[in-house]
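Trainee: Below you will find the structure I want to go over with you.
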Amino acid sequence: VGSFSADWEFFFPWLRADDEKEKIDRAAIKRDGTSLEGVLAGLLPKARLLDYVENFILFHRGRTKIIAQNHQFLGVNKAFSVFNRRDEMAGKLGVFWHTQGSGKSFSMIFYARKISRKLGGHFTFVIVTDRDDLDGQIYRNFLDTGTVSKAEAAQPKNSEELRKFLGQQKRLVFTLIQKFRWPKGQTYPLLTERSDVIVIVDEAHRTQYKDLAENMRAGLKHAQFLAFTGTPLLGRDRKTNQWFGDYVSEYNFQQSMDDGATVPLFYQKRVPEVLIQNDDLSDDFYDLLDEANLDEAKQEKLEKQFATELEVIKRDDRLETIARDVVAHLPNRGYLGKAMFIALDKPTAVRMFDKVERLWKEEIKALTGRVAKAATDAEKSVLKRRLDWMKRTQMAVVVSEEADEDKKFAAQKLDIARHRKRMLALDAQGHDIEENFKDPEHPLQLVFVCAMWLTGFDAPTVSTLYLDKPQKDHTLMQTIARANRVTSWKINGVEKRNGEIVDYYNVFRRMEKALKDYAQGQSPDDEPTVQEKSELFRLLDEAIVLGLAFCRSHGVHLEKIAAADDIFKQVTAFDDYANLLLAKDEHRKAFNVFENTVTSLYEACKPEVLGKPVVRSVAAFQYLRGVLDVHVDEADVDDVTRKIGELLDASVVVDKSRVAEGEAGETFAITKKGKIWDLSKIDFEKLQQDFRQTEYRNIEIADLRAFVGKKLAEMLKQNATRTDFAERLRGIIENYNAGGVSNESYFDELLKFTRDLRAESERHVREGLTEDELEIYDLLKQDKMTQAEEKRVKLAAKSLLERLTQAQPKVLVQEWFKDGQSKKRVETAVEEVLHEHLPETYDRVLFKAKCGEVFGLILDHASQGRKWAA
6 VGSFSADWEF FFPWLRADDE KEKIDRAAIK RDGTSLEGVL AGLLPKARLL
56 DYVENFILFH RGRTKIIAQN HQFLGVNKAF SVFNRRDEMA GKLGVFWHTQ
106 GSGKSFSMIF YARKISRKLG GHFTFVIVTD RDDLDGQIYR NFLDTGTVSK
156 AEAAQPKNSE ELRKFLGQQK RLVFTLIQKF RWPKGQTYPL LTERSDVIVI
206 VDEAHRTQYK DLAENMRAGL KHAQFLAFTG TPLLGRDRKT NQWFGDYVSE
256 YNFQQSMDDG ATVPLFYQKR VPEVLIQNDD LSDDFYDLLD EANLDEAKQE
306 KLEKQFATEL EVIKRDDRLE TIARDVVAHL PNRGYLGKAM FIALDKPTAV
356 RMFDKVERLW KEEIKALTGR VAKAATDAEK SVLKRRLDWM KRTQMAVVVS
406 EEADEDKKFA AQKLDIARHR KRMLALDAQG HDIEENFKDP EHPLQLVFVC
456 AMWLTGFDAP TVSTLYLDKP QKDHTLMQTI ARANRVTSWK INGVEKRNGE
506 IVDYYNVFRR MEKALKDYAQ GQSPDDEPTV QEKSELFRLL DEAIVLGLAF
556 CRSHGVHLEK IAAADDIFKQ VTAFDDYANL LLAKDEHRKA FNVFENTVTS
606 LYEACKPEVL GKPVVRSVAA FQYLRGVLDV HVDEADVDDV TRKIGELLDA
656 SVVVDKSRVA EGEAGETFAI TKKGKIWDLS KIDFEKLQQD FRQTEYRNIE
706 IADLRAFVGK KLAEMLKQNA TRTDFAERLR GIIENYNAGG VSNESYFDEL
756 LKFTRDLRAE SERHVREGLT EDELEIYDLL KQDKMTQAEE KRVKLAAKSL
806 LERLTQAQPK VLVQEWFKDG QSKKRVETAV EEVLHEHLPE TYDRVLFKAK
856 CGEVFGLILD HASQGRKWAA
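Residues in the sequence shown are numbered consecutively from 6, following the working numbering.
Set out below in structure tokens:
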């Protein structure tokens, strides 16, 4: 399992012991840096740990390690427990109800692997979906994780081939439920007598309770059936439970957000003048739209029975208005993640693509003109970055193929051929359109769909959905979940903290029921799991109010600066405030928390917040944070200044009439009054004298501490044995933060530490060694050596470094640290050189210990890419 940080419990909460006496002292873990392995081995049930390591760790394509989350571990084990009682279940293994985005396809893999590993036998798993794209995705996941090989898996073309594969006892069979079609009135044939067939049904709402499902159960009469779903069919009949049995595990939308397994979703109704307000649409309307490919009869029924509704939805001026809104919204968001436009049908998807593409080009042309006329460098930088992003951005239509589609689209003056060509194309790396869209770095940013990719499709950087299709219940929940995936991928330094649904159809009038059924907990007081975006605006206002109150409690009055005409010319005020907050680490860190919250909410509120007065307060927080970072983290002054300037110009909050001509570039200046540090040339007496005279003592301390911390980090990379310096600096800082010394004494201690650090940085010269030789020497030496022993240990260090880096044959070959034999050659070389040169006073035990320490050091440096890698 390896060593983890003290936050192991966040990743493995279900491994906690149930017994009160076995509860773990998390504070002790944080303090001592105990490894996860040590904690689990010492305090938790061994069977649970072994179960996890054996059955809940996957390697995707041999590169990415996938480990089960809490709900997957618990859910799969509950399902496994039911499977062990399958003789009592009459073929109904239950319903595995985990919300979208919770990793159901990987839960299927964990489930199948555990049954095969723990129970042996010749089980066959039949994975059933109702769409080609879902079938292909799940099939690839099983292959890519090594759960099954191509020889062991099968994708039958029809019932006959399915019968053949079951007879061959294939381990995995992936099939569409449509393969169970049979002439009406005729009895479906028995495909197999086997009872060791496990049928796993994924979602497939439209097809699991009608003729096709009955045929499947007739053909697999003795099989065991388990449903994996994020949206079971509920209501009066509770069809999912009737066909599959009780829930074996439930993990709803709310729980996934509480756990951080998915991000929260916010929605807003836009373009109100074209909203559809008909609440009386029949279920037939939704059922027809739910189908990916309507046959001619169903299409005709849809168009005749709901002609008025469809006419309003597809009205050209309405679509034009929406297209303009998409073009205005998409490039001005905070997190520039991928986006999906969900259209009514295929022709409408193509029509919307055409409109957005045309308006996109017009906006690029307009932006080019604005860049040329920008009044400030900061404004030009903002517009240029937006322009570059829009130029890079690609769009595509993704819809299923059908017979004679060229003619059907041509009849509506639409060209599907160019889109079909893009959908079928592979790029230079052999990646298809789906892989392009899932790739965070690929410029394909916006896709227009109507049914494809709305279920079972996982692209974590999708952050925005433009919803313009009537939906309800499970279909609506499946659709909005495209934007709830968690990702660590940052874009322009912004993290994905939430997903956004832009509602053009007023779909969310039906959301309350869907959320109640599929998302919320059991308490009637539970907050809605998908909230209006206006809630984000309220949260931003609240965060600013709380942040300002915190600042006032420490003598920092940011509200005065935010209200001033010359807001960012008040450099002295910001220095005063920075000096106050730098008095204690806890004050500065608390302010950083408030600023992070304000900034994150500000990004989430884009683009609607741009140009609003509230941005002046956001900018004040960010400006003060920039001043603090310059002194604490030695942040780049120009970079901080640029970010603040871009914030203001992007938000259009600076009243140009208030800024004198020619002064705009000076408005956002951040200056640092600290010294240009050079450890070897510091005049300690003058530094101490300057400190006694300055009015910004906390800033002076922060500057010195930041320099010392940075220099120490560099010296630790050069010589890992200098950990006593790190411990000493930590003690000085902790003593001050605890109120043990005044800031004057604190500065004196930092100054003394800096003197000693300079002496340490020059020690290799006094010892007659290079930095690398000194590091090895420090590991090899021991207390109270004679001069003769010191000479021999220094010679050992020099000789070893020469053997590693210059002598032939080479032992440090490329990536030697990844190969067992290569590592052994390096270890042997270390032992040979040290055996030759170390003093005889180093007995066998000490010699082996020193060899191990030196080899460990060399291996650690090389594997981290610092030195001695080759």
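Built from N, CA and C at the ideal position, the CB exists for glycine as well.
1) Pull up the DSSP beta-bridge partners for THR69, would you.
2) In angstroms with no decimal places, state the Cα-to-Cα distance between ASP508 and PRO612.
3) VAL452 and MET345 - do their beta-carbons sit closer together than 8 angstroms?
4) Using the three-state DSSP reduction, which class does ARG760 fall into: helix, strand or coil?
5) What is the DSSP secondary structure of THR236, counted as helix, strand or coil?
6) Thinking just about the alpha-carbon of each residue, which of LEU784, GLY744, LYS803 and THR759 is nearest to the one in GLY773?
7) Grouping DSSP H, G and I as helix and E and B as strand, with all else coil, what is ALA725?
8) In this structure, how does DSSP classify TRP187 when only helix, strand and coil are distinguished?
9) Using a threshold of 8 angstroms, state whether the C-beta atoms of GLN229 and GLY96 are closer than that.
10) With 16 as the cutoff for other CB atoms within 10 Å, does LEU429 come out buried or exposed?
11) Quick one: grab the DSSP three-state call for ASP508.
12) Taking the C-alpha atoms as reference points, what is the distance between GLU439 and ASN220?
13) Nearest by alpha-carbon distance to CYS856: which of GLN869, GLY870 and GLU841 is it?
14) Tell me which same chain residues have a C-beta within less than 6 angstroms of the C-beta of SER395, skipping the five on either side of it?
15) How would you call GLU406, buried or exposed, if buried means at least 16 neighbouring beta carbons within 10 angstroms?
16) Quick one: any contact between the segment 149-156 and the segment 188-195, if contact means 3 or more CB pairs under 8 angstroms?
17) Could you tell me the alpha carbon to alpha carbon distance between LEU196 and TRP248, rounded to whole angstroms?
18) Exposed or buried, what is VAL268 when buried is set at 16 or more other beta-carbons lying within 10 Å of its beta-carbon?
19) Mind listing, in chain order, the continuous beta strand (DSSP E) runs of no fewer than 3 residues lying wholly within the segment 75-126?
20) Would you list, in sequence order, the uninterrupted alpha helix (DSSP H) runs of no fewer than 4 residues that lie entirely inside the segment 769-854?
21) Any chance the segment 478-490 sits against the segment 358-367, with 3 or more Cβ pairs inside 8 angstroms?
22) In angstroms with no decimal places, state the Cα-to-Cα distance between CYS556 and GLN142.
23) Kindly give me the distance between the Cβ atoms of MET720 and ARG727, rounded to whole angstroms, as I take these residues to be in contact under 8 angstroms.
24) Measuring alpha carbon to alpha carbon, tell me which residue in GLN694, ASP683 and PHE85 is nearest PHE752.
25) Could I get the ranges of all uninterrupted beta strand (DSSP E) runs contained in the segment 122-205, with 3 residues as the minimum, in chain order?
26) Go ahead and label LYS661 buried or exposed: buried means 16 or more other beta carbons lie within 10 angstroms of its beta carbon, across all protein chains shown.
27) Go to MET221, then tell me how far its alpha helix (DSSP H) extends in each direction, as first and last residue.
28) In terms of alpha-carbon separation, which member of GLU446, GLN399, GLU836 and ASP463 lies closest to LYS495?
29) Are there 16 or more other CB atoms within 10 angstroms of the CB of ILE62, so buried, or fewer, so exposed?
30) Find out if the Cβ-Cβ distance for the pair GLY99, GLY342 is shorter than 8 angstroms.
31) Compute the Euclidean distance between the alpha carbons of LEU779 and LYS799, then round it to the nearest angstrom.
32) Put ARG502 into one of helix, strand or coil per three-state DSSP.
33) If you count every other CB in all the chains shown that lies within 10 Å of the CB of HIS424, and 16 or more means buried, which is it?
34) Three-state secondary structure (DSSP) at TYR741?
35) Short of 8 angstroms in beta carbon distance, which residues of its chain neighbour ARG91, apart from the five on each side in sequence? Order them along the chain.
36) Along the chain, where does the beta strand (DSSP E) containing LYS343 start, and where does it finish?
Mentor: In short:
1) Note: THR69 is bridge-paired with HIS65 in the DSSP secondary-structure output.
2) A direct Cα-Cα distance of roughly 15 angstroms separates ASP508 from PRO612.
3) Yes; because the gap between Cβ atoms is below 8 angstroms, this pair is in contact.
4) DSSP, read as helix, strand or coil, puts ARG760 in helix.
5) Coil.
6) Nearest to GLY773 by C-alpha distance, out of LEU784, GLY744, LYS803 and THR759, is LYS803.
7) Per DSSP, reduced to three states, the secondary structure at ALA725 is coil, with no helix or strand assignment.
8) TRP187: coil per DSSP, three-state reduction.
9) Yes; because the gap between Cβ atoms is below 8 angstroms, this pair is in contact.
10) So LEU429 ends up on the exposed side.
11) Correct three-state label for ASP508: strand.
12) If I take the Cα positions, the gap works out to 33 angstroms.
13) Of the candidates GLN869, GLY870 and GLU841, the residue whose Cα lies closest to the Cα of CYS856 is GLU841.
14) The displayed chain sequence assigns Met, not Ser, to residue 395. Hits under 6 angstroms: PRO336 and ILE369.
15) With fewer than 16 other Cβ atoms within 10 Å, it is exposed.
16) Short answer: they don't touch.
17) The straight-line gap from Cα to Cα measures roughly 20 angstroms.
18) Classification for VAL268: buried.
19) Here the runs fully enclosed are 97-103.
20) Counting only runs of 4 or more, we get 776-785, 792-810 and 825-842.
21) With the cut-off at 8 angstroms, the segment 478-490 and the segment 358-367 do not touch.
22) If you take the alpha carbons of CYS556 and GLN142, they lie about 51 angstroms apart.
23) Yes, they are in contact, since the Cβ atoms of MET720 and ARG727 sit about 6 angstroms apart, within 8 angstroms.
24) When only C-alpha atoms are compared, the closest one is GLN694.
25) The qualifying runs are 129-134 and 177-181.
26) Its pLDDT being 38, under 50, LYS661 is placed unreliably in this model, and the value from its coordinates should be taken loosely. With fewer than 16 Cβ atoms within 10 Å of its Cβ, LYS661 is classed as exposed.
27) Going by DSSP, MET221 is part of the alpha helix (DSSP H) stretching over 216-224.
28) Of the candidates GLU446, GLN399, GLU836 and ASP463, the one whose C-alpha sits nearest the C-alpha of LYS495 is GLU446.
29) ILE62 counts as exposed, since fewer than 16 other beta carbons sit within 10 angstroms of its beta carbon.
30) No, the Cβ-Cβ distance between GLY99 and GLY342 is not below 8 angstroms.
31) CA-to-CA, the gap between LEU779 and LYS799 works out to about 8 angstroms.
32) Reduced to three states, the DSSP call for ARG502 is coil.
33) Buried, since its Cβ has 16 or more Cβ neighbours within 10 Å.
34) When secondary structure is reduced to three states using DSSP, TYR741 falls in the helix class.
35) Spatial neighbours of ARG91 in its own chain (CB-CB distance under 8 angstroms, excluding positions within 5 residues in sequence) are listed in chain order as LEU98 and GLN229.
36) LYS343 -> beta strand (DSSP E) spans 343-347.
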